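Participant: Residue numbers (the numbering used here): 122 to 408. C-beta atoms are modelled at their ideal positions from N, C-alpha and C, and glycine is treated no differently. Everything numeric in this text was worked out from a predicted model, so none of it was measured.
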Ligand code: AMP
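(1) Tell me whether the region 206-223 and the region 290-298 touch, counting them as touching only if at least three CB pairs, one residue from each stretch, are closer than 8 Å.
(2) Distance, Cα to Cα, residue 347 vs residue 310?
(3) Could you name each continuous beta strand (DSSP E) segment of 3 residues or more that falls completely within the region 254-320, going from the start of the chain to the end?
(4) CB of residue 136 to nearest heavy atom of the ligand AMP: below 6 Å?
(5) With contact counted as at least three CB pairs below 8 Å, one residue from each stretch, are the region 229-246 and the region 270-279 in contact?
(6) Any heavy atom of the ligand AMP within a distance shorter than 6 Å of the CB on residue 193?
(7) Nearest CA to the CA of residue 381: which residue from 404, 366, 333 and 353?
(8) On the DSSP letters alone, give me the boundaries of the alpha helix (DSSP H) that residue 400 sits inside.
(9) Are the region 308-322 and the region 127-137 in contact at 8 Å, needing three or more beta carbon pairs?
(10) Cβ atoms of residue 341 and residue 371: under 7 Å apart, would you say?
(11) Which runs of the beta strand (DSSP E) spanning at least 3 residues fall entirely within the region 170-248, listed in chain order?
(12) At a cut-off of 6 Å, is residue 133 close to the ligand AMP when judged by its beta-carbon and the heavy atoms of the ligand?
(13) What is the DSSP secondary structure of residue 159, counted as helix, strand or coil?
(14) Is any heavy atom in the ligand AMP found nearer than 6 Å to the beta carbon of residue 224?
(15) Decide if residue 269 is buried, meaning its Cβ has at least 16 other Cβ atoms within 10 Å, or exposed.
(16) DSSP on residue 365, reduced to helix/strand/coil?
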């Protein structure tokens with residue numbers, strides 16, 4: 122039976138999720154953008170496109186085996202899921218925010234009866250209960266930040282990344298409730314049933330993320346500097362060293378380096394007499 126995987130059908134997590142699946146080697150065919158589900162052409166995997174906020178429940182109920190969504194959605198759902206991979210995108214935090222003019226500086230200043238607009242009612246309720254605050258939760262499906270302005274609520278609990286939307290709406294963040302990024306999640310039950318298939322797809326996605334954080338460096342370096350260079354560029358298992366036809370004074374090296382070290386590495390190698398330095402992207406990195 123195919124492995125079923127739920128992914129967001131739109132919104133902030135959509136583009137990068139699809140990119141990761143395709144780069145991992147799943148062939149979604151041509152017109153997946155208009156479908157509610159697709160079966161990968163080259164793997165026994167069915168991808169279902171659903172709302173990010175429905176994904177935890179779909180996984181928990183066993184309707185699908187695994188999925189990709191935000192940790193914020195998982196926290197709000199209260200579902201008992203197993204997180205198998207952090208995807209390093211969709212970073213945000215769910216925070217309490219108040220109107221600039223409210224004078225509220227911290228959660229301690231919030232009075233009982235305060236109306237809180239949010240699309241995360243469960244985690245918000247649990248948060249205020251843990252602080253012994255009796256607030257009234259107003260469940261909205263989006264645009265929580267305009268609710269104080271139109272008088273629907275006094276404060277909000279909403280997702281923040283840069284804080285620009287809050288600022289535009291004259292709101293200030295007073296306390297984060299949960300930090301979030303996109304993750305791959307499943308259940309113990311699904312892992313029991315399809316451990317190998319789940320591990321395979323998770324490893325594939327991880328290899329794409331790992332590869333994106335790295336570059337492949339090739340250069341011709343002076344043979345006399347080889348030991349020093351090998352120490353500076355250990356790579357995954359040490360640099361690959363190759364002879365250059367007809368030369369004894371220079372050798373070619375190939376090595377994997379961190380993306381954020383490219384600038385410094387090129388400068389260092391140049392100063393050490395390296396020639397023909399090439400930096401190449403890596404599609405997948407399986408360690
Ligand atoms: P949406 O675009 O509303 O479908 O949001 C889906 C998910 O994207 C949320 O549950 C978060 O995990 C993530 N997300 C939402 N807002 C932000 C934001 N401001 N910055 C980064 N990620 C966000």
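Facilitator: In this structure, then:
(1) yes
(2) 52 Å
(3) 257-260, 276-281, 292-301 and 303-307
(4) no
(5) yes
(6) Residue 193: yes, Cβ under 6 Å from the ligand AMP.
(7) 333
(8) Taken as a continuous stretch (DSSP letters only), residue 400 belongs to no alpha helix (DSSP H), being part of the beta strand (DSSP E) at 396-402.
(9) no
(10) yes
(11) 187-191, 203-207, 213-220 and 236-239
(12) yes
(13) Here residue 159 sits in strand by DSSP.
(14) no
(15) By the neighbour-count rule (16 or more Cβ atoms within 10 Å), residue 269 is buried.
(16) Coil at residue 365, not helix or strand.
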